[in-house]
Every structure is written in structure tokens, then in C-alpha cells.
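Enquirer: Per full-length UniProt numbering, the very first residue in the sequence shown carries number 1; after that it's consecutive.
Even for Gly, the Cβ is constructed at its ideal location relative to N, Cα and C.
My questions all concern the structure below.
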Amino acid sequence: MNSSFNSQNLQKYSKHNKKRLNQEQVKLLEASFDSTKKLDLEKKLQLSRELGVPPRQISIWYQNRRARWKNQSMENDYNALQLKLENALSEKMQLEKETKILQGELEKANEMLIGLKSGAQGQIREFTLSNSCCEDLISYSTSTWVHNDEVNYNNLQFDELYAMIGMSNKCCSTW
1 MNSSFNSQNL
11 QKYSKHNKKR
21 LNQEQVKLLE
31 ASFDSTKKLD
41 LEKKLQLSRE
51 LGVPPRQISI
61 WYQNRRARWK
71 NQSMENDYNA
81 LQLKLENALS
91 EKMQLEKETK
101 ILQGELEKAN
111 EMLIGLKSGA
121 QGQIREFTLS
131 NSCCEDLISY
141 STSTWVHNDE
151 VNYNNLQFDE
161 LYAMIGMSNK
171 CCSTW
């Protein structure tokens, strides 16, 4: 009875006490894993013979290595996505800053336009019709102002306004 107990213990011990792989065996398994991630039966038996370890140990090593490889792959993907997210957030913040700056500039331009518009309307009304070189300008300007009053003052283009002011400065001595 004692001898059968010892033999059973020995079998259990040898079943659970797997031989650790040395560095050369691991290198060979890694090279094999790099070429193919899935292990077929022929390759498993060939590696088992070459390394002198049971085929089950080769299967388990491959299974564990695939799990580590998958985790590494997921971690790399996560890091890449995290970097893209950080870049996108940085770009978003930069665009928000630029938007605020441009909105401020737009507000200033609108204020200037309103100021120029009200100033130009007063000046157009003060023109004298006796100056013949400005008659065309006055009729164009007043019709433009009337039209713009009907549509919307904000639709007046800066270029038109500056061109009109520039023409009037050339023709007329009193604005």
C-alpha cells in the first residue's frame, strides 16, 4: 500500500512539475511564433522533438504567447488611440482659441463698419450738388445707401466702402 501511494504521488508530481524551457528553447519557440501565430499538429510535434519537451507544453506555451501578444497588441492600439486623442484635443483647443480671436476681430470689424456707415451717411447728405465731378458719385452713393438700407447694412462690402471713400476724396475737397 505504501509503495502504491508513493507511485501515485510520483505520477502526480511529475504531471504537474513541467520542465522549464531554457533560453535557446524559448528563442526557437519565439522564432516559430513570429512566423506563424497558430500551431498546427505537425509543427507542434516537430518542435516537441527538437526541444525535447512534451507536445502539450508546446501547445500551452503557444497559447500563453498568443495571449501576451494579443495584450501587447491591444496596449499598442490603446496607446496609438490615446496619442490621436491627445492630438485631436490639442487641435480642438487651438481651433477654439483661433475662433475666439476671429470672433473678436469680426466684432471689431462690424463696429468699424457701423461707425463708417453712419459717418459716411452723414457725409453723403452734406455733399453739395454744385460740384460736378461728384454728381455721379453722389447718385451712386445715395442709391447704394438706399439699397443697403433696404437689404441690410451688414451686407456692405469693405471693398466697396473703401473704394467709395477713396473716390470721394479724389473728387471732392470737402467731405
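How long is the line joining the alpha carbons of E91 and A31, rounded to whole angstroms?
Expert: The residue you call residue 91 lines up with position 91 of the sequence shown. The residue you call residue 31 lines up with position 31 of the sequence shown. Taking the straight line joining both Cα atoms gives about 42 Å.
Enquirer: Do K37 and R66 come within 8 Å of each other at the CB atom, strictly closer than that value?
Expert: By 1-based counting over the sequence shown, the position of residue 66 is 66. By 1-based counting over the sequence shown, the position of residue 37 is 37. Yes; because the gap between Cβ atoms is below 8 Å, this pair is in contact.
Enquirer: What would DSSP say about K38, mapped onto helix, strand or coil?
Expert: Reading the sequence shown from its first residue, position 38 is the one you call residue 38. Coil.
Enquirer: Do L28 and E50 have their C-beta atoms closer together than 8 Å?
Expert: Locating residue 28 in the sequence shown gives position 28, where the first residue counts as 1. Locating residue 50 in the sequence shown gives position 50, where the first residue counts as 1. In contact: L28 and E50 (Cβ atoms closer than 8 Å).
Enquirer: Run the CB neighbour count on Y62, radius 10 Å, all protein chains shown included, and call it buried at 16 or more, exposed below.
Expert: For this step, residue 62 is matched to residue 62 along the sequence shown. Counting Cβ neighbours within 10 Å, Y62 comes out buried, since at least 16 surround it.
Enquirer: Using the beta-carbon count (16 or more within 10 Å), is L89 buried or exposed?
Expert: Translated into the one-based positions of the sequence shown, residue 89 becomes position 89. Flag for L89 reads exposed.
Enquirer: In angstroms, rounded to a whole number, what distance separates the CA positions of K70 and E107?
Expert: Locating residue 70 in the sequence shown gives position 70, where the first residue counts as 1. Locating residue 107 in the sequence shown gives position 107, where the first residue counts as 1. Cα to Cα, the separation comes out at about 54 Å.
Enquirer: Pick helix, strand or coil for L95, following the three-state DSSP scheme.
Expert: In the sequence shown, residue 95 corresponds to position 95, counting from 1. Note: L95 maps to helix in three-state DSSP.
Enquirer: S59 and K43 - do their beta-carbons sit closer together than 8 Å?
Expert: Working through the sequence shown from its first residue, we reach residue 43 at position 43. Working through the sequence shown from its first residue, we reach residue 59 at position 59. Not closer than 8 Å, so no.
Enquirer: Is DSSP giving R65 helix, strand or coil here?
Expert: The residue given as residue 65 occupies position 65 in the sequence shown. Helix at R65.
Enquirer: Report yes if the C-beta distance between V53 and K19 is below 8 Å; otherwise report no.
Expert: For the purposes of this step, residue 53 is taken as the residue at position 53 of the sequence shown. For the purposes of this step, residue 19 is taken as the residue at position 19 of the sequence shown. It is a contact, given that the beta carbons lie within the stated cut-off.
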